[in-house]
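Accompanying notes for the structure given below.
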Amino acid sequence: MDFNFKDEQLQLADALKRWIARDYTFEARRAAVGSASGTLDTAWATLAELGLTALPLPEAHGGFDGDAVDMFVVMQELGRGLVVEPYFATMLGADFLRRGGAHGALLDRVATGDLKLACALGERQSRHDLRDIAVRAVADGDGWRLSGEKKVVLHGAQAGMLIVSARSGGAQRDEAGITLFAIPCDAAGVTVRDVRMLDGGRAADMLLRDVRVDAGAVIGQPGAGWDILEAAADYGAGLLCAEALGAMEALFAATLDYLKTRQQFGVPIGKFQALQHRMADMYVHLEQARSMALLAAVRLAGEARGDTTATERRRAVSAAKYRVGQAARFVGQQAIQLHGGMGVTDELPASHYFKRLSTFELTLGDCDHHLARFIAQPGFHEREAA
């Protein structure tokens, strides 16, 4: 198992880092967050120009066949730069379409940057259980009609197409009976309410009122969408771990710099041993999070090649989401404490990193959810007994 990055990956990360430093500064981001769209007008075109919208897509649809490790270096830099563009939401949606295998025309548009996607998976009652689906899909001739409500759809108002999970059969929490759909955001019966989240990113509550789609909107097979839903959600969780790692790295560096410059009793506060110990603890959490996030990316890439089983993927992703979530909470809280009152001001990046890390914890399963999922994987109790 090789954990070294290739030269091409490092060059891509460097290009992205230079763009963020030049054009996506902290002040530019603050302006974007406060704008009507919640994004920077020129940023999406630049991401497409850099090839990032095509990176994980199949070559047959204008992509570069990038794997989860390629995406790891991208998401890490986006996290470091606190980028609020709908890149994660679009790449997650593209993974659904890729796994479904029947929406090549949409993938072509994603690759060129012409189409943004959003994934409408969560509901009011479901919390982190993606099987808990109350939105109903009823067969209607050669198509379907969907009714229900989806909550906290990341960049739902900025997308052109929605990936929607709906229940076409079975009980509300059954794995069987889940059908996935690709639905235009402007379809008749779709109502979108855009909101700004804690971290400055955008999400939407979406109401589906008797939305009519044809049979071609189905992703995968009707009633058999759980495997795609679970695998794509794991892919998304892996991307989020890389993004959180980048945010933690930047927050750690900003805190270290603050300790070197902030003076008390005539000396930098970084001279105080107690604060040095706290920085050392933060570093330990950061490095453990790095190891787990990279392992999850390697497992996800291995599954795409056929080298990793679904059980190994679930175990690695849930372990990473739990460990990175724990580290994000510790690093974020310690950074705020070490910055003092300045740490919670809007003018300093520390507060923005802390809010982004807090939102990460609640996306695609929190620590408690993934710890329980990890424990439930086959073989856990046998190893514990041994």
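The opening residue of the sequence shown carries number 8 in our numbering; numbering runs sequentially from there. Ideal Cβ positions, reconstructed from N, Cα and C, are used throughout, including at glycine. Predicted model only: the values in this text are computed from it and were never measured.
- Bridge partners of residue 215 according to DSSP: 155, 197.
- Note that the C-beta distance between residue 54 and residue 120 is below 8 Å.
- Take the alpha-carbon of residue 205 and the one of residue 364: they are about 10 Å apart.
- By the neighbour-count criterion, in which 16 or more other beta carbons inside 10 Å mark a residue as buried, residue 129 falls on the buried side.
- The segment 353 to 361 makes no contact with the segment 245 to 252: fewer than 3 CB pairs, one atom from each, lie closer than 8 Å.
- In the structure shown, the three-state DSSP call for residue 49 is coil.
- The bridge partners DSSP lists for residue 221 are 150.
- At the C-beta level, residue 174 and residue 185 come within 8 Å of one another.
- Taking C-beta separations shorter than 7 Å and ignoring five residues to either side along the sequence, the partners of residue 376 in its chain run 135, following chain order.
- Under the three-state reduction of DSSP output, residue 188 falls in the strand class.
- A distance below 7 Å between beta-carbons, with the five flanking residues on each side excluded, links residue 322 to the following residues of its chain, in chain order: 381, 384.
- Distance from the CA of residue 230 to the CA of residue 179, rounded to the nearest whole angstrom, comes to 13 Å.
- For residue 171, the enclosing beta strand (DSSP E) has its first and last residue at 168 to 174.
- Cβ atoms of residue 91 and residue 207 come within 8 Å of each other, at about 6 Å.
- Going by DSSP, residue 345 is part of no beta strand (DSSP E) but of the alpha helix (DSSP H) stretching over 317 to 346.
- Here the alpha carbons of residue 112 and residue 238 stand approximately 22 Å from one another.
- By the Cβ neighbour-count rule, residue 127 is buried, with 16 or more other Cβ atoms within 10 Å of its own.
- Counting along the chain, the unbroken beta strand (DSSP E) around residue 125 starts and ends at 124 to 127.
- Distance from the Cα of residue 19 is smallest, within the candidate group 42, 40, 66, 83, for 83.
- In the assembly as shown, residue 203 is an exposed residue. Its beta-carbon has fewer than 16 other beta-carbons within 10 Å.
- Residue 67 has its alpha-carbon roughly 30 Å from the corresponding atom of residue 25.
- Taking a C-beta distance under 8 Å as the contact criterion, residue 117 and residue 241 do not qualify as a contact pair.
- The continuous alpha helix (DSSP H) containing residue 300 extends over residues 280 to 312.
- Rounded to the nearest whole angstrom, the CA to CA distance from residue 293 to residue 343 is 16 Å.
- A buried status is given to residue 110, since no fewer than 16 other beta-carbon atoms sit within 10 Å of its beta-carbon.
- Between residue 348 and residue 357, the C-beta spacing is not below 8 Å.
- In the three-state DSSP reduction, residue 270 falls in the strand class (E or B).
- Membership of residue 111 in the alpha helix (DSSP H) is indicated by the continuous run 111 to 119.
- The three-state reading of DSSP puts residue 93 in coil, since its state is none of H, G, I, E or B.
- Each of 278, 101, 155 was checked against the Cα of residue 167, and the nearest Cα belongs to 101.
- Bounds of the alpha helix (DSSP H) holding residue 22 are 14 to 30.
- Looking at the DSSP output, residue 275 sits in a beta bridge with 270.
- Judged by beta-carbon spacing, residue 157 lies within the 8 Å limit of residue 142, meaning their Cβ atoms are closer than that value.
- The beta carbons of residue 221 and residue 149 sit closer together than 8 Å.
- Across the set 37, 104, 95, the C-alpha of 104 shows the shortest separation from the C-alpha of residue 225.
- Taking the C-beta atoms as reference points, residue 165 is found no nearer than 8 Å to residue 60.
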